[in-house]
Each structure stands twice: as structure tokens, then as C-alpha cells.
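Asks: Quick one: the structure is below, and I'll ask about it shortly.
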Amino acid sequence: MANEQHLHILKQGVGVWNAWRSANRKLAPDLSKVDLSGCDLREINLARSNLSQTNLSRADLSGATLSWTNLDNTNLSGANLRGAYLNSADLHTAALVGADLLKAHLREAYLNQVDLRGVDLRKAELFQARLVGANLERADLSQADVREANLSHAVLSFATLEQTYLTGANLSGADLHGARLSGSDLYGTYLSGANLANTQLDRAYMAQTHLDDARLEEADLCGANLTAALLNRANLSKCNLLRANFSGASLSQADLSGARIGWTVFHNVDLGSVKGLETIEHQGTSMIDSDTLSRSQGKLPATFLQYTAN
Numbered sequence: 001m002a003n004e005q006h007l008h009i010l011k012q013g014v015g016v017w018n019a020w021r022s023a024n025r026k027l028a029p030d031l032s033k034v035d036l037s038g039c040d041l042r043e044i045n046l047a048r049s050n051l052s053q054t055n056l057s058r059a060d061l062s063g064a065t066l067s068w069t070n071l072d073n074t075n076l077s078g079a080n081l082r083g084a085y086l087n088s089a090d091l092h093t094a095a096l097v098g099a100d101l102l103k104a105h106l107r108e109a110y111l112n113q114v115d116l117r118g119v120d121l122r123k124a125e126l127f128q129a130r131l132v133g134a135n136l137e138r139a140d141l142s143q144a145d146v147r148e149a150n151l152s153h154a155v156l157s158f159a160t161l162e163q164t165y166l167t168g169a170n171l172s173g174a175d176l177h178g179a180r181l182s183g184s185d186l187y188g189t190y191l192s193g194a195n196l197a198n199t200q201l202d203r204a205y206m207a208q209t210h211l212d213d214a215r216l217e218e219a220d221l222c223g224a225n226l227t228a229a230l231l232n233r234a235n236l237s238k239c240n241l242l243r244a245n246f247s248g249a250s251l252s253q254a255d256l257s258g259a260r261i262g263w264t265v266f267h268n269v270d271l272g273s274v275k276g277l278e279t280i281e282h283q284g285t286s287m288i289d290s291d292t293l294s295r296s297q298g299k300l301p302a303t304f305l306q307y308t309a310n
């Protein structure tokens, strides 16, 4: 239960509370199991507090500090957390449906299995956050910093991740079907076994991205940079690959059946085991070099080669 003295100070207002916190820096406030729903708590300092089972639904916590805070079973549904500091906070059992996390700071936060469906995370900081198995269906992470975060087996179907920074993030086995990732930075991102069917990846930077066994059927990869990407056994059937760059990529046993290519670059790529080359829809001349011809060991169909140039 909450400490009655701490609760009494809080009721005097955020200004009094923050002054008290400044004078008692080593104290860990206990506001557990308190109903603070709908309260105006803008810019409050709740760092290292115990807020377990506290009701903060619809509360205004914009600019608040909740880093290293115990949020076990805390109700934050519909809360305004714009620009709030939640670094290293444990949120894995918190309720966050309908919360506003625009520009929130969630560096190294623990969000495994959390329901974040439809949540606004635009420009949020999620560097090295843990989101294993989290549900981010239709969430908006545009321009968010998700570098080195762990989103393995997370659900991001129909989510918006345009111009999002995903360098080094782990999205292995994640479900991203129908997601929008136009112009995003996916350098070195782990997407092995992920479902990327019908995703928008146009202009995405995907150099050295791990896409082995990924599903990319009907994805839009127009203008994507896939230099040195790993696409072994990936399903790229019916993809838009216009102006994509596959230089140095690994495409062993990949399926390109019905894909659209044109002005696509295949330099230093072994295409010998790629499936469906004879069914590709050519909308312009693509580029292959002598290294690709050599590594493919004469296994490229004439119907594919007639639309290529060195």
C-alpha cells in the first residue's frame, strides 16, 4: 500500500512534490495501489518510485520522469506520456492501450509482451528497449529510434515505421505484414524468419540486413538498398524490386517468382539457385556484372538475361 505521508505531499501539487523530491533524493516514494486516474501530473518526478497497481489511466504525465520506476500492473491506459522519461522502466505488465507516447524516452525499457496496439510512439526513443513478443499492431513508430531494440516475435502488422531508425534491432520472427517502412534505416537489422508480406520498404536502407527465410511476398522494395543483405531462402515472389540494389547480397534458394524488376542491380551475386527467374516481369534493363555471371555458373535463363546489361 502507498505511504500516507507520500500521498499527502502529492496532494499538495506537483511543485511541492518535486521540491520534496529534490530535498530527499535518496528516498524511494511509495504510491502503490493509489487511484490517480485523470490527474494532472505534468513534469512530475516519479523516478525510482513504487507505482505498482496504481491507476494512472487518462492521467497527464507529459514530460514526467518515471525512469527506473516500478510499474508492475500499473494502469496507464489512455495516459498522456508525451515526452515522458521512462528509461529502464519495467512496463512488461503495465496497461498502455490508448496511451500517447509521442517523443517518450524508453531507452532500455522492459516492454516484453506489452499490448501497444495503436499506440503513438512517433519520435520515441526505444534504444535497446526490450519488446519481445509485444503487440504493436497499427502502432505509429515513425522517426522513432529503435536501434538495437529486441522486438523478436513482436507483432507489428500494419504498423507505421516510416523513416524509423532500426539499425541492429532484432526483429527475428516478427510479424510485420502490411507495415509501412518507407525510407527506414534497417542497416544490420535481424529479420530472419520475419513476415514482411505486403510491406512498404521503398527507399529503405537495408545493407547487411539479415532476411534469411523471411516472407516478403508482394512487398514494395522499390529503390531499396540491399547491399550485402542475407536473403537466403527468402520469399520475394511478386515483389516490386524496381531500382533495388542487391550488390553482394546472398540469395541462395530465394524465390523471385513473378517479381517486378527494372534498373535493378545484381552485382557480385550468385543467382544460380534463385527460383522463378524465368517468371520475372521486366519493366526496364537491370544490371549484372561478370562476377554475377561467373558465380551463377551459367544457370541463368535466357529470358532473364535478355533484359540485363553489364
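Note that the UniProt record's numbering has the sequence shown beginning at 1, numbered continuously upward. Positions of the beta carbon are idealized from the N, C-alpha and C atoms, including for glycine. Predicted model, so just to flag it, every value in this text is computed and none were measured.
1. Who are the near neighbours of Thr167 in its chain, counting only those whose CB is closer than 8 Å to its CB and skipping five residues on each side?
2. Where Ala179 and Ser142 are concerned, what is the direct C-alpha to C-alpha distance, given to the nearest angstrom?
3. What three-state label does DSSP hand Asp291 in the structure shown?
4. Taking C-beta to C-beta, are Leu71 and Asp90 nearer than 7 Å?
5. Please state if the CB of Met206 and the CB of Ala219 are separated by a distance shorter than 7 Å.
6. Tell me whether Glu278 is buried or exposed, calling it buried when 16 or more other Cβ atoms sit within 10 Å of its Cβ.
7. Quick check on the burial criterion: 16 or more other C-beta atoms within 10 angstroms. Buried or exposed for Gly13?
8. Report back the beta-carbon spacing between Leu269 and Met287 to the nearest angstrom; my notes put them in contact at under 8 Å.
9. I'd like to know whether the C-beta atoms of Leu51 and Thr74 end up nearer to each other than 7 Å.
10. For Thr303 and Leu86, what's the separation of their Cα atoms in angstroms?
11. Can you list the alpha helix (DSSP H) stretches of 4 or more residues lying completely in the region 218 to 248, in chain order?
12. What does the Cβ neighbour count give for His8, buried or exposed, with the cut at 16 atoms within 10 Å?
13. Would DSSP call Glu148 helix, strand or coil?
14. Which residues in the same chain have their Cβ closer than 6 Å to the Cβ of Gln297, if we skip the five residues on either side of it in sequence?
15. Reducing DSSP to helix, strand and coil, say where Ile9 ends up.
16. With burial defined as no fewer than 16 other Cβ atoms inside 10 Å of the residue's Cβ, what is the status of Arg243: buried or exposed?
17. Does the Cβ of Glu217 have 16 or more other Cβ atoms within 10 Å, making it buried, or fewer, making it exposed?
18. If you measure between the beta carbons of Ala104 and Ala134, is that distance less than 7 Å?
19. Of the residues Glu281, Thr65 and Asp212, which one's Cα is nearest the Cα of Ser252?
20. Checking 7 Å against the spacing of the C-beta atoms, do Ala197 and Ala174 come in under that value?
21. Could you pull the DSSP bridge partners for Asp120 from this structure?
22. Whole angstroms are fine: how far does the CA of Thr65 sit from the CA of Asn45?
23. So the candidates are Val132, Lys11 and Ala99; which of them puts its Cα closest to the Cα of Ala124?
24. Inspect the beta-carbon positions of Ser237 and Gly262 and report whether they are closer than 7 Å.
25. Going by beta-carbon coordinates alone, are Ser57 and Ser37 separated by less than 7 Å?
26. Using beta-carbon positions only, say whether Leu31 and Ser49 come within less than 7 Å of one another.
27. According to DSSP, is Asn18 part of a helix, a strand, or is it coil?
28. Compare the Cα-Cα distances from Ala228 to each of Gly118, Ala84, Thr292 and Ser250 and report the closest residue.
29. Which one of His267, Ala47, Val132 and Ser77 has the shortest CA to CA distance from Gly63?
Replies: Let me spell this out:
1. In the sequence shown, counting from the first residue as 1, residue 167 sits at position 167. Exclusion of the five residues before and after Thr167 leaves Arg147, Glu148, Asp185, Leu186, Tyr187, Gly188 and Thr189 as the residues of its chain whose Cβ lies within less than 8 Å of its Cβ.
2. Counting from one through the sequence shown, the residue named residue 179 turns up at place 179. Counting from one through the sequence shown, the residue named residue 142 turns up at place 142. Whole-angstrom Cα-Cα distance: 11 Å.
3. Within the sequence shown, the letter at position 291 stands for residue 291. In the three-state reduction of the DSSP assignment, Asp291 falls in the helix class, which pools H, G and I.
4. Here residue 71 refers to the residue found at position 71 of the sequence shown. Here residue 90 refers to the residue found at position 90 of the sequence shown. The answer is yes: Cβ separation under 7 Å.
5. Here residue 219 refers to the residue found at position 219 of the sequence shown. Here residue 206 refers to the residue found at position 206 of the sequence shown. It is not a contact, given that the beta carbons lie outside the stated cut-off.
6. Position 278 of the sequence shown, counted from the start, is the residue given in the question as residue 278. By the 10 Å Cβ count, Glu278 comes out exposed.
7. Along the sequence shown, one-based indexing puts residue 13 at 13. Its Cβ having fewer than 16 others within 10 Å, Gly13 is exposed.
8. The residue given as residue 269 occupies position 269 in the sequence shown. The residue given as residue 287 occupies position 287 in the sequence shown. Residue identity check: residue 269 is Val in the sequence provided, not Leu. At roughly 11 Å, the Cβ-Cβ gap does not stay under 8 Å, so Val269 and Met287 are not in contact.
9. As a position in the sequence shown, residue 51 is number 51, starting the count at 1. As a position in the sequence shown, residue 74 is number 74, starting the count at 1. In contact: Leu51 and Thr74 (Cβ atoms closer than 7 Å).
10. Locating residue 303 in the sequence shown gives position 303, where the first residue counts as 1. Locating residue 86 in the sequence shown gives position 86, where the first residue counts as 1. Straight-line spacing of the CA atoms in Thr303 and Leu86 works out to 56 Å.
11. As far as the region 218 to 248 is concerned, it has no whole alpha helix (DSSP H) run of at least 4 residues.
12. Within the sequence shown, numbered from 1, the residue matching residue 8 stands at position 8. By the 10 Å Cβ count, His8 comes out exposed.
13. Here the question's residue 148 lines up with position 148 in the sequence shown. DSSP places Glu148 in coil when its eight states are reduced to three.
14. Translated into positions along the sequence shown, residue 297 becomes position 297. Non-local C-beta neighbours of Gln297 in its own chain, meaning closer than 6 Å and more than five positions away in sequence, comprise Gly272, ordered along the chain.
15. As a position in the sequence shown, residue 9 is number 9, starting the count at 1. Correct three-state label for Ile9: helix.
16. Position 243 of the sequence shown holds residue 243. By the neighbour-count rule (16 or more Cβ atoms within 10 Å), Arg243 is buried.
17. As a first step, residue 217 is located in the sequence shown; it is residue number 217 there, counting from the start. It counts as buried.
18. Position 104 of the sequence shown holds residue 104. Position 134 of the sequence shown holds residue 134. No, Cβ-Cβ distance for Ala104 and Ala134 is not below 7 Å.
19. Working through the sequence shown from its first residue, we reach residue 252 at position 252. Residue Asp212 holds the alpha-carbon nearest to the alpha-carbon of Ser252 among Glu281, Thr65 and Asp212.
20. The residue you call residue 197 lines up with position 197 of the sequence shown. The residue you call residue 174 lines up with position 174 of the sequence shown. Contact: no.
21. Here residue 120 refers to the residue found at position 120 of the sequence shown. According to DSSP, which records beta bridges pairwise, Asp120 is partnered with Asp100 and Asp140.
22. Numbered from 1 along the sequence shown, position 45 holds the residue referred to as residue 45. Numbered from 1 along the sequence shown, position 65 holds the residue referred to as residue 65. Computed Cα separation, rounded: 5 Å.
23. Along the sequence shown, one-based indexing puts residue 124 at 124. Closest by alpha carbon: Ala99.
24. The sequence position of residue 237 within the sequence shown is 237, counting from 1. The sequence position of residue 262 within the sequence shown is 262, counting from 1. Contact flag unset, no.
25. The residue you call residue 57 lines up with position 57 of the sequence shown. The residue you call residue 37 lines up with position 37 of the sequence shown. Yes, the pair counts as a contact, with Cβ atoms nearer than the cut-off.
26. What you label residue 31 is simply residue 31 of the sequence shown in a count that begins at 1. What you label residue 49 is simply residue 49 of the sequence shown in a count that begins at 1. Yes, they are a contact pair.
27. The residue given as residue 18 occupies position 18 in the sequence shown. Helix.
28. Along the sequence shown, read from residue 1 onward, the residue named residue 228 stands at position 228. Ranking Gly118, Ala84, Thr292 and Ser250 by CA distance to the CA of Ala228 puts Ser250 first.
29. By one-based count along the sequence shown, residue 63 stands at place 63. Here the closest residue by C-alpha is Ala47.
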